[in-house]
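Structure first, then comments.
Number of protein chains: 2
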Amino acid sequence: MGTREKILAAATRIMREQGYARATTKEIARAAGFSEAALYKHFADKTEIFLGVLASQLPRLDAMLSDLTPGRGTLRGNLVRVTSTAIGFYAESFPIAASLFSSQDLLTAHRDAVHDHGAGPRTPVSRLSGYLRAERKLGRLPSTADPDSMAALLLGAAFQQGFLKHWDTEAVDATALARKLVKAVVPV
Amino acid sequence: MGTREKILAAATRIMREQGYARATTKEIARAAGFSEAALYKHFADKTEIFLGVLASQLPRLDAMLSDLTPGRGTLRGNLVRVTSTAIGFYAESFPIAASLFSSQDLLTAHRDAVHDHGAGPRTPVSRLSGYLRAERKLGRLPSTADPDSMAALLLGAAFQQGFLKHWDTEAVDATALARKLVKAVVPV
DNA sequence: GTCTATATCCCGATAGAC
DNA sequence: GTCTATCGGGATATAGAC
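Residue numbers (UniProt numbering), protein chains in the order written: chain A, 1 to 188; chain B, 1 to 188.
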């Protein structure tokens, strides 16, 4: 792992555990095992570090939805797997995503950076929705089913769970929760 | 409107429009039309101002769920109303709620303050769930329906919509969206 | 590429006059 | 209750040696 990656890893950990306010250049440098000056040899400024952290989160959510193949396995089983993975993902990345709201500039910068990759926070919803549409075409969902809403409901619940997880640290069985959510959305 | 309220209003507006990072004592004082020193005559420190802003948001969500009466109106109509109101509420308060993750201390302080009022972010979900349970008892929902999951799905989707609203500023028809979400959750 | 040392700035908070 | 003036501290970022 190169210096750049060590810096990003340290920044990620601090943001997750302490919040954006504590993720100072001094703290990041200390946690990564370098001097503050080293940070600026690898990143133009602090915002670039932060954007790097966010970018490193994106692929994980993407991969989550990549192995969704219409017609394979059971529909409910597939949805439970996706939903429970999403619960874990949002729980981990919520503090970092929330940091975007620290400043309007940060939000705008991240949106632009992400936009260049043709992605965004709507991507998971839209990909899950696409999967459901395909399943409907295969006859595994009633023709009256609404894929967009189903995807928004499942991932929305997972997203909010990410917030709640950080409110109290109450342990939640992600799979059991996912199973109940899916059951309430997918007609038998 | 007294000085204290003016300060809170100014702080709320800045946090919403600019983010927590820009909500400095200097900016808040300027926007409220007072000096920085005046802030400290009405609040012990900056955290107390922030907690005041958050507290002023709470009642609105509470009121939203107060007029839910089991057996009155149509079940779907009631849910559409609640869901669309929730979409608006979360959209407005998301940046402020997200600021909680700026620092672990802030999150803890707010959680403790809210806990003393016997409330929290789980309250809306649990109240909506209670309403649905009552409707199920009245026979307006099948006995197989899962009130907890239904509430988590609807309010979760509304919550995530609050985030997405700030991503792009794409206008969303809250009522139309709510109608689709409710339809996907409530069996006919 | 990495360090030590430092410049510059601005934040939260207080002192003290009125 | 509100102001002006200011303090101490810590943040981002840079200079310059190695």
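Idealized CB from N, CA, C, for every residue including glycine.
Pairwise C-alpha distance: residue j and residue i
i                      : j               : result
H115 of chain B        : S66 of chain B  : 20 Å
V53 of chain A         : T12 of chain A  : 6 Å
T144 of chain A        : R30 of chain B  : 55 Å
L132 of chain A        : V125 of chain A : 11 Å
L164 of chain B        : L100 of chain B : 18 Å
D62 of chain A         : Q18 of chain B  : 30 Å
T25 of chain A         : M15 of chain A  : 12 Å
S103 of chain A        : R22 of chain B  : 7 Å
K46 of chain B         : A109 of chain B : 12 Å
A171 of chain A        : G162 of chain A : 12 Å
residue 276 of chain B : L138 of chain A : The shown model of chain B, from 1 to 188, leaves out residue 276 of chain B, and the question about it has no answer.
T3 of chain B          : R60 of chain B  : 22 Å
Y40 of chain A         : P142 of chain A : 56 Å
P187 of chain A        : E48 of chain A  : 46 Å
G112 of chain A        : L58 of chain A  : According to the sequence provided, residue 112 of chain A is Asp. The question's Gly does not apply to it. So the alpha carbons of these two residues sit roughly 14 Å apart.
Residue burial classification, residue i (beta-carbon count within 10 angstroms, cutoff 16)
i                      : result
residue 212 of chain B : Limits of chain B in this structure are 1 at one end and 188 at the other, which puts residue 212 of chain B out of reach.
T169 of chain A        : exposed
T85 of chain B         : buried
M149 of chain B        : Looking at the sequence itself, residue 149 of chain B is Ser, so the reference to Met does not match. It is buried - the Cβ of S149 of chain B has at least 16 other Cβ atoms within 10 Å.
S35 of chain B         : exposed
T74 of chain A         : exposed
R72 of chain B         : exposed
G33 of chain A         : exposed
T83 of chain B         : buried
A10 of chain A         : buried
A184 of chain A        : buried
G88 of chain A         : buried
A178 of chain A        : buried
A174 of chain A        : buried
A97 of chain A         : buried
A91 of chain B         : buried
Minimum Cβ-Cβ distance from residue i to chain B less than 8 Å
i               : result
G139 of chain A : no
V46 of chain A  : One detail in the question is off: residue 46 of chain A reads as Lys in this sequence, not Val. Output row for K46 of chain A: interface = no.
S99 of chain A  : yes
S102 of chain A : yes
M150 of chain A : yes
K180 of chain A : yes
G156 of chain A : yes
P95 of chain A  : yes
G120 of chain A : yes
L132 of chain A : no
R30 of chain A  : no
L153 of chain A : yes
Minimum Cβ-Cβ distance from residue i to chain A less than 8 Å
i               : result
F50 of chain B  : no
G19 of chain B  : yes
D146 of chain B : yes
L79 of chain B  : no
K183 of chain B : yes
Q160 of chain B : yes
F34 of chain B  : no
F163 of chain B : yes
R127 of chain B : no
(message) Under 8 Å, with one C-beta from each stretch per pair, do the stretch 141 to 159 of chain B and the stretch 148 to 156 of chain A reach the 3-pair mark?
(response) yes
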